[in-house]
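**Q** Have a look at this one.
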Amino acid sequence: MVLVHLLYGIFKTLAWLAGYSEHYVTVDDIEWSYLDSGNAKDERPIVLFLHGFSSVKNSMLRVARATSYDFRVLMPDMPGHGNTTAPSITSYRATEQAMRLEAFLQKVIGSAKIHVVGCSMGGMISGTYASMYPDRVLSTTLICPAGVSMPTKSPLLQIFESTGENYMRATTADDFIRLHTFMFHAPRKLPHFVANLVAKERAKQGDVLERLMSDILLDFQTLDDKLDQIQSRVQIIWGDNDQILDNSSLEIIRQKIPDHRLQVHMVPEAGHCVHQEKHAEVGALVHTFLAQFITVSVPGQ
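For reference, each letter of the sequence shown is one residue, going -15 to -1, 1 to 286 in mature numbering (1 follows the signal peptide of the UniProt record, and there is no 0).
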């Protein structure tokens, strides 16, 4: 428990050093926890970063670093994760999460337009949100997004279909060590005591994470029918060795989004956690994409 609080303190300090402050806001019966690099008087364009399944808002800090000078950055813990508490939620389907996200944004920034960046589950929610609220979204960045069909099944999906075992439902230290090897292109050794700590912490959210996983499986192909409803420009970033969500999903994405609104970046020597393995490269790609939307004011005009 001491180590857990120590790690949380480290995450909080790193966020503070990067210029973020942590805030809490209650919307309906959900108490949202989020990081904000600005405030209500901040006139910079807004970028919303959404994390992946069983992760937390701080996981996007290193990618967001590249954008934090030119943009106001918001990073919430999604319902079911981190410090966001939602005791009465019974469904975490992508559409419902997107609706909750809109209610959160209305409370925090009103009707301001935003850029959305989402990774994995966060990518699925970002894509769903962009399709539901096209007038709000200026651009959409999806990093190895869930919710898109895989013409070529990923190694993890092949295992699931052949054995019925879902490695994402990790509950023990050994489970996490095994999953860790699939998440990265070149995984570093995960110490057993760290994996055991993660397992104990995850067990506290066991029922919620099980509900989340079940709903993610129900939404396994949800973006197939939503991608063509996204009206903004779209950036896709994928690791070339993603063993969780195969990048053959790009075939579906290219069919749904016209070339003139689509940018695709395949990051070499990167797995599903491309935003961790190649955070500097991913951050630069995101910032370069977003920079085209910055309006430069010329004195006298």
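By construction, the Cβ of each residue, glycine as well, lies at the ideal position given by its N, Cα and C atoms.
If you're wondering where the values come from, they're calculated on a predicted model, not measured in any experiment.
Out of curiosity, what's the CA-to-CA distance linking residue 77 and residue 155?
**A** By one-based count along the sequence shown, residue 77 stands at place 92. By one-based count along the sequence shown, residue 155 stands at place 170. Near 19 Å, if we compare the C-alpha coordinates of residue 155 and residue 77.
**Q** Please list the terminal residues of the continuous alpha helix (DSSP H) segment that includes residue 186.
**A** Here residue 186 refers to the residue found at position 201 of the sequence shown. Counting along the chain, the alpha helix (DSSP H) containing residue 186 begins and ends at 177 to 189.
**Q** Just verifying my parser: in three-state terms, what is the DSSP assignment at residue 16?
**A** Taking the sequence shown and counting its residues from 1, the one referred to as residue 16 is at position 31. Residue state, collapsed to three classes: strand.
**Q** Would the beta-carbon of residue 116 fall within 9 Å of that of residue 238?
**A** Translated into the one-based positions of the sequence shown, residue 116 becomes position 131. Translated into the one-based positions of the sequence shown, residue 238 becomes position 253. No, they are not a contact pair.
**Q** Between which two residues does the beta strand (DSSP E) holding residue 248 run?
**A** Stepping through the sequence shown from its first residue, residue 248 is reached at position 263. Unbroken beta strand (DSSP E) run through residue 248: 247 to 252.
**Q** Would DSSP call residue 214 helix, strand or coil?
**A** For this step, residue 214 is matched to residue 229 along the sequence shown. Residue 214 falls in the helix class under three-state DSSP.
**Q** Residue 41 lies in the alpha helix (DSSP H); which residues open and close that run?
**A** Counting from one through the sequence shown, the residue named residue 41 turns up at place 56. Looking at the DSSP string, residue 41 is not in any alpha helix (DSSP H), and its letter there is neither H nor E.
**Q** Classify residue -15: buried if its beta carbon has 16 or more other beta carbons within 10 angstroms, exposed otherwise.
**A** Along the sequence shown, one-based indexing puts residue -15 at 1. The pLDDT assigned to residue -15 is 36, lower than 50, so where the model puts this residue is not dependable; a value taken from the coordinates is nonetheless given after this. By the 10 Å Cβ count, residue -15 comes out exposed.
**Q** Are residue 153 and residue 132 touching if we call contact CB-CB under 9 Å?
**A** Your numbering for residue 153 matches position 168 in the sequence shown. Your numbering for residue 132 matches position 147 in the sequence shown. Contact flag unset, no.
**Q** From 98, 143, 49, 14, pick the residue whose C-alpha is nearest to that of residue 128; which is it?
**A** Taking the first residue of the sequence shown as position 1, residue 128 is located at position 143. The candidate whose alpha carbon is nearest that of residue 128 is 49.
**Q** Between which two residues does the alpha helix (DSSP H) containing residue 162 stretch?
**A** In the sequence shown, counting from the first residue as 1, residue 162 sits at position 177. Per DSSP, residue 162 belongs to the alpha helix (DSSP H) from 158 to 168.
**Q** Under 9 Å, do residue 55 and residue 272 count as touching if we go by C-beta distance?
**A** On the sequence shown, residue 55 is found 70 positions in, with the first residue counted as 1. On the sequence shown, residue 272 is found 287 positions in, with the first residue counted as 1. Yes. Within cutoff.
**Q** Which stretch, first to last residue, makes up the beta strand (DSSP E) that contains residue 61?
**A** To locate residue 61, count along the sequence shown from 1; it is residue 76. Element bounds for residue 61: 57 to 61.
**Q** So, is residue 256 buried or exposed, given that buried needs 16 or more other C-beta atoms within 10 angstroms?
**A** One-based indexing of the sequence shown puts residue 256 at position 271. Flag for residue 256 reads buried.
**Q** Between the stretch 203 to 214 and the stretch 84 to 99, are three or more C-beta pairs nearer than 8 Å?
**A** The answer is no - the stretch 84 to 99 does not touch the stretch 203 to 214, with fewer than three Cβ pairs under 8 Å.
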